[in-house]
Amino acid sequence: MWRFSSIFRPSLWLLTTAALSVVFPAHAINEGMRKRFELAEKNIHKLTDAQAKKVLKEMAAYPLQPYLELEWLSKSLDDTNAVVRFMQEHQGTPLERTLRKRWLIYLADRKQAQLFLKNYQYGSDVSLDCKALEMRLVLEKPAAVWPAVRDLWAVGKTRPDECDPLFDRWRKAGQRTPEAVWQRLLAAVKADNQRMLPYLRSLLPKNQQYLAEKWVQVMDNPALVYRKNFLSLRSPLERDLAAYGIQKLVWKKPDQAIEVWNRFAHDPAFSNENRAVTARQIAIALASKNDPRADKFIAIVPNQYKDTLFVQWQLASLLRKKDWYGVIEAVKALPEKLAKEDASQYWLARAYQQVNLKESSVHIYQQLAKLRSYYGYLAAAHLGQPPSLAHKPVPVSATDFLAFKSSAPVRRMKEWQAIKRPNAAKRELTHLQQYGTDLQKYSAAKLAYEWGWYDNAIVALAKAGYWDDVDLRFPMAFNKEIQTYSKKAKVDPAWAMAIARRESTFIPTAKSPVGAHGLMQIMPATAKHITGRRVPVEQLYNPVTNINYGTYYLNYLMKNTGNNVVFATASYNAGFSRVKSWIPKDGSVPLDIWVETIPFKETRDYVKNVMMYYQIYSLKMQQNQHIFEPLADMRVGIEG
1 MWRFSSIFRP SLWLLTTAAL SVVFPAHAIN EGMRKRFELA EKNIHKLTDA QAKKVLKEMA
61 AYPLQPYLEL EWLSKSLDDT NAVVRFMQEH QGTPLERTLR KRWLIYLADR KQAQLFLKNY
121 QYGSDVSLDC KALEMRLVLE KPAAVWPAVR DLWAVGKTRP DECDPLFDRW RKAGQRTPEA
181 VWQRLLAAVK ADNQRMLPYL RSLLPKNQQY LAEKWVQVMD NPALVYRKNF LSLRSPLERD
241 LAAYGIQKLV WKKPDQAIEV WNRFAHDPAF SNENRAVTAR QIAIALASKN DPRADKFIAI
301 VPNQYKDTLF VQWQLASLLR KKDWYGVIEA VKALPEKLAK EDASQYWLAR AYQQVNLKES
361 SVHIYQQLAK LRSYYGYLAA AHLGQPPSLA HKPVPVSATD FLAFKSSAPV RRMKEWQAIK
421 RPNAAKRELT HLQQYGTDLQ KYSAAKLAYE WGWYDNAIVA LAKAGYWDDV DLRFPMAFNK
481 EIQTYSKKAK VDPAWAMAIA RRESTFIPTA KSPVGAHGLM QIMPATAKHI TGRRVPVEQL
541 YNPVTNINYG TYYLNYLMKN TGNNVVFATA SYNAGFSRVK SWIPKDGSVP LDIWVETIPF
601 KETRDYVKNV MMYYQIYSLK MQQNQHIFEP LADMRVGIEG
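FYI, the numbering for the sequence shown is 1 to 640, going by UniProt numbering.
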């Protein structure tokens, strides 16, 4: 007979007798039921089957009852029918995912390979991926499995301990070759994971271990590749190291990087991939520094190595020189996908405009002006047309949304909130956002918006690939506070709202890796500058305090940038002194070109996004201003 210590006996007695003697309908949920759930949650695994069944039956109407059943089923994973029934009943929820993982581990431990593989989808969990490959080894010839094991092993980060038995078998079969080790070393370097290199060094043949040592040195100091005697070139693999060093060195010492490039550019052991990737990085770095040598490297990058960042700097290099015919040729020569991007099309239209091909220019502008985007708003300004919100609410009918709000996952979310476990509630929502149907994702976004979880609403629509519901993606969060303090600081509330949206997606407790805090991501040093005293970090998480400081700082930046909202926006991200150094001192350039040539990608993208958001919030606040109209013809710089 199952016996319990005296510590557990009173709570178990409460759990299995009078305290759960009635079935509660959903509308009758009360604090007593919630307390009994929390008690049952702690003790369900200690009950006999009969006791557990009684508890589950009597709590059947409680929304979180399935979590009790999950824990009970986890005790008896040999009951395949019960496990499968539960997973089917709770398909697409964290309940299914949690039980499935526990069950699969159980099956793997018992070498039930066919049942495991039938119920597992590769790629959902690294530790289970390893178990899946072990199960394949039970059913298949090892030679068919080893390539997948290598792919799982040769990555730039550590693998779970659960993978060790699989990797040991792979190694004993002679599959951990020097080539596989080198592949993983390169992956670790790409991931900037220097801590893995000593381990990988030990796996290399003796005559290659010096390479790992040199990788560590070059990761710390890329300038070492400039020394002619640093690389002996006794191994072809040293060319990988040279390519890495050049790509890092060019950002700080371009002259040295180009000299090293010239040493290797025609080396037959310097692979075509190394040559293309390195040339691409040199081109981007030099173009961002306004170095005329960039053109040489831009010209030799093959199309398959071009991406959005490369194209941005390729065009920026031409724009600086006002080479409008060059812009036209460059865009037309791009792969179709890159040529169709908003930026490529906008600059093609601008180039046509500059060379008096008005009809071609207007046609492209008209297409762009339909878009709710940075380039779309610039295009509308060039045409003298009003900006468009292009708002399309998510395709969720009132009936579907009402059904969603009455669904079991939402009832569970509400109940998790009621017992003050918001993280569990958000876990349910996040799961729907990631694994639900499109209708569930759209409905989850609407629900998150209703509940004030604005960041979850924004993420849900992003995961669903739905970008056109402006109300959900650009909520009027903290509108009263932003209006009040913007008025006090004499800044446009639509601009302040745009900054908050970009900085934190309206999460009051947001914290950045560099130590900025709250809705408008205020640095402690900024708060001290504003107040004249040290401000405790906790205060920065108060939305009112944060908005007060943020709008004050926006006013400060406007005053210091001659009331130029684009400069002030850039300064909010990169600092005023840095932005000041980017302003041309020997003439002026159109503002759109200046933005396109901001050397920091983060700041360049930040300015484009905030200005777009500013226009959106201006329209939502019914201010009816065309924010981009004065920007389309603005020039910036200092005339001699």
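Ideal Cβ placement from N, Cα and C applies to all residues, glycine included.
Query - Integer Cβ distance of Y552 from A489, believed to fall under 8 angstroms - result: 5 angstroms
Query raised in the report: Mind checking I638: buried by the 16 CB within 10 Å criterion, or exposed?
Result: exposed
Requested in this report: Work out the CA separation of A257 and P393 for me, nearest whole Å.
Outcome: 51 angstroms
Query raised in the report: Are the beta-carbon atoms belonging to M135 and A113 less than 8 angstroms from one another?
Result: yes
Query raised in the report: In or out: D129 buried (at least 16 other Cβ within 10 Å) or exposed?
Result: buried
Report task. Note down the Cα distance separating Q417 from R411, rounded to an integer number of angstroms. Result -> 10 angstroms
Report task. My understanding is that N573 touches V491, with C-beta atoms under 8 angstroms, so please give their C-beta distance in whole angstroms. Result -> Not really, about 16 angstroms apart at Cβ, beyond 8 angstroms.
Requested in this report: Please name the residue, chosen from Y606, A425, L309 and E69, that lies closest to A448 on a Cα-to-Cα basis.
Outcome: A425
Query raised in the report: If V250 and Q281 are in contact, beta carbons under 8 angstroms, what's the gap, nearest whole angstrom?
Result: 6 angstroms
Report task. Return the residue from the list V181, P94 and L117 that minimises the CA-CA distance to I105. Result -> L117
Query - Simplified DSSP state of I638, which is helix, strand or coil - result: strand
Requested in this report: Determine the closest residue to H266 out of G123, K340 and A279, with distance taken between C-alpha atoms.
Outcome: The option with the nearest alpha carbon to H266 is A279.
Query raised in the report: Taking all protein chains shown into account, do 16 or more other C-beta atoms lie within 10 angstroms of the C-beta of N229, making it buried, or fewer, making it exposed?
Result: exposed
Query raised in the report: Since S360 is in the alpha helix (DSSP H), which residue starts that stretch and which ends it?
Result: K358 to L368
Report task. Hey, could you find the ends of the beta strand (DSSP E) P590 is sitting in? Result -> Here the beta strand (DSSP E) through P590 covers G587 to P590.
Requested in this report: Tell me the start and end of each unbroken alpha helix (DSSP H) in the segment 396-460 that is at least 4 residues and wholly inside, in chain order.
Outcome: 398-405, 408-418, 422-435 and 438-450
Query raised in the report: Which value, in whole angstroms, describes the spacing of the CA atoms of Q623 and T98?
Result: 49 angstroms
Requested in this report: Give a yes or no on whether the C-beta atoms belonging to V149 and Q175 are separated by under 8 angstroms.
Outcome: yes
Query raised in the report: Given a threshold of 16 other Cβ atoms within 10 Å of its Cβ, counted over all protein chains shown, does W72 qualify as buried or as exposed?
Result: buried
Report task. Note down the Cα distance separating Q615 from Y325, rounded to an integer number of angstroms. Result -> So the two alpha carbons sit approximately 31 angstroms from each other.
Report task. Would you list the residues sitting across from K511 in a DSSP beta bridge? Result -> H517
**Report entry** Beta-carbon proximity check, Y485 vs N548, cutoff 8 angstroms
**Finding:** yes
Report task. With a floor of 4 residues, list each alpha helix (DSSP H) that falls wholly inside the segment 185-217, ordered by position along the chain. Result -> For the segment 185-217, whole alpha helix (DSSP H) runs of length 4 or above, ordered along the chain, are 197-203.
Report task. Measure the alpha-carbon distance for R635 versus L211 and round it to whole angstroms. Result -> 51 angstroms
Query raised in the report: So, using beta-carbon positions, are T561 and S571 closer together than 8 angstroms?
Result: The answer is yes: Cβ separation under 8 angstroms.
Requested in this report: Compute the distance between the beta-carbons of E58 and I419, then report whether it is under 8 angstroms.
Outcome: no
**Report entry** I522 - partner residues in DSSP beta bridges
**Finding:** H517
Requested in this report: Using three-state DSSP, classify F478 as helix, strand or coil.
Outcome: coil
Query - Anticipated Cβ contact below 8 angstroms, G515 with M523, distance rounded - result: Their Cβ separation, rounded to whole angstroms, is 6 angstroms, which keeps G515 and M523 in contact under 8 angstroms.
Report task. On a CA-only basis, which of V311, I583 and A460 is nearest A339? Give me that one, please. Result -> Closest in C-alpha terms to A339, from the list V311, I583 and A460, comes V311.
Report task. Throw me the rounded Cβ distance for the W170 and W146 pair, which I believe falls under 8 angstroms. Result -> 6 angstroms
Requested in this report: Whole angstroms is fine: what's the gap from E341's alpha carbon to Y305's?
Outcome: So the two alpha carbons sit approximately 16 angstroms from each other.
Requested in this report: Have a look at L371 and L315 and give me their C-alpha separation to the nearest angstrom.
Outcome: In a straight line, the C-alpha of L371 is about 22 angstroms away from that of L315.
Report task. Work out the CA separation of F297 and N290 for me, nearest whole Å. Result -> Between N290 and F297, the C-alpha separation is close to 13 angstroms.
**Report entry** Presumed contact (8 angstroms Cβ cut-off) between V218 and Y244, rounded CB distance
**Finding:** 6 angstroms
Report task. Grab the span of the alpha helix (DSSP H) containing D291 for me, first residue to last. Result -> Going by DSSP, D291 is part of no alpha helix (DSSP H) at all; its letter is neither H nor E.
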